[in-house]
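K.L.:
Structure incoming, see below.
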Ligand SMILES: C[S@@+](CC[C@H](N)C(=O)[O-])C[C@H]1O[C@@H](n2cnc3c(N)ncnc32)[C@H](O)[C@@H]1O
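Residue numbers (my numbering): 1 to 189.
Here it is, written out as structure tokens:
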């Protein structure tokens with residue numbers, strides 16, 4: 001098979017397994033290595049939309065770590081986080097925010113096969129109060145060590161691979177229709 005035909009087939013196959021109803025939302029994450037690692041994990045887990053807020057900070061990512069994944073994931077800046085979260089809620093998405101709070105539930109107890117927005121928080125201050133208040137559930141990854149939390153990109157990877165596990169079990173990574181406009185865009189990359 002010709003190289004360009006193989007590439008087209010690969011693009012179709014990847015796009016047909018994307019989880020268009022699963023969104024990752026970064027709330028003021030600053031470290032370029034963390035952002036890049038999350039982009040790469042999103043691509044691997046079939047997440048197409050990665051939203052971020054910058055709250056006046058600089059949003060940049062390490063290309064060495066992202067390994068080109070930024071081309072295949074739609075990275076979108078959010079100016080008004082609360083409005084965007086409310087829009088997702090109105091449109092049937094559940095808002096699952098990661099944080100270690102008293103009311104947090106184990107991330108494995110959530111049904112990740114329903115449409116969702118997964119919110120990850122800033123390296124120091126975590127997720128903003130505004131977004132926490134709009135969340136349907138706050139989820140945690142159990143911690144048994146001396147340090148109180150995981151690195152945010154590691155935490156995102158742990159949760160996203162639970163998403164993969166649950167969605168694989170339901171056959172949600174079987175090939176399906178995909179948006180033609182993304183296919184055309186990817187062909188040009
Ligand atoms: C280093 S932690 C921030 C810790 C911060 N002191 C706080 O109060 O949230 C950065 C982000 O990683 C995620 N995170 C890290 N460890 C986690 C865990 N065990 N369970 C859930 N989320 C976690 C959350 O999104 C958190 O906002």
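We put the beta carbon where it would ideally sit given N, CA and C, even for glycine.
Look at the alpha carbon of residue 77 and the alpha carbon of residue 174, and state the distance between them as a whole number of angstroms.
P.N.:
Start at 1 with the first residue of the chain shown, and residue 77 comes out as number 77. Start at 1 with the first residue of the chain shown, and residue 174 comes out as number 174. If you take the alpha carbons of residue 77 and residue 174, they lie about 30 Å apart.
K.L.:
Does DSSP classify residue 76 as helix, strand or coil?
P.N.:
As a position in the chain shown, residue 76 is number 76, starting the count at 1. Strand, per DSSP.
K.L.:
Does any heavy atom of ligand 1 sit closer than 7 Å to the C-beta of residue 149?
P.N.:
Position 149 of the chain shown, counting from 1, holds the residue named residue 149. Because some heavy atom of ligand 1 lies under 7 Å away, the Cβ of residue 149 counts as near it: yes.
K.L.:
Looking only at its chain, what residues have a beta carbon closer than 8 Å to the beta carbon of residue 143, apart from the 5 residues adjacent to it on each side?
P.N.:
Counted from its first residue, the chain shown places residue 143 at position 143. Excluding sequence neighbours, residue 143 sits near 100, 149 and 150.
K.L.:
Does at least one heavy atom of ligand 1 sit under 7 Å from the Cβ of residue 47?
P.N.:
As a working note, residue 47 is residue 47 in the chain shown. The answer is no for residue 47.
K.L.:
I'd like to confirm the pairing. Which residues does DSSP put opposite residue 22 in its beta bridges?
P.N.:
Numbered from 1 along the chain shown, position 22 holds the residue referred to as residue 22. BP columns for residue 22 point to 116.
K.L.:
Would you call the region 102 to 117 in contact with the region 21 to 30, where contact means no fewer than 3 C-beta pairs closer than 8 Å?
P.N.:
These segments touch.
K.L.:
Would residue 104 and residue 154 be called neighbours here (beta carbons separated by less than 8 Å)?
P.N.:
What you label residue 104 is simply residue 104 of the chain shown in a count that begins at 1. What you label residue 154 is simply residue 154 of the chain shown in a count that begins at 1. The answer is no: Cβ separation not under 8 Å.
K.L.:
Return yes when at least one heavy atom of ligand 1 lies under 7 Å from the C-beta of residue 100, else no.
P.N.:
Against the chain shown, residue 100 aligns to sequence position 100. Yes, the Cβ of residue 100 comes within 7 Å of a heavy atom of ligand 1.
K.L.:
Mind checking whether the beta-carbon of residue 129 lies closer than 7 Å to any heavy atom of ligand 1?
P.N.:
Your numbering for residue 129 matches position 129 in the chain shown. Incorrect: residue 129 has no Cβ contact closer than 7 Å to ligand 1.
K.L.:
Could you tell me which of 135, 172, 159 and 164 sits nearest to residue 85, measuring between CA atoms?
P.N.:
Counted from its first residue, the chain shown places residue 85 at position 85. Taking only the C-alpha atoms, the option nearest residue 85 is 135.
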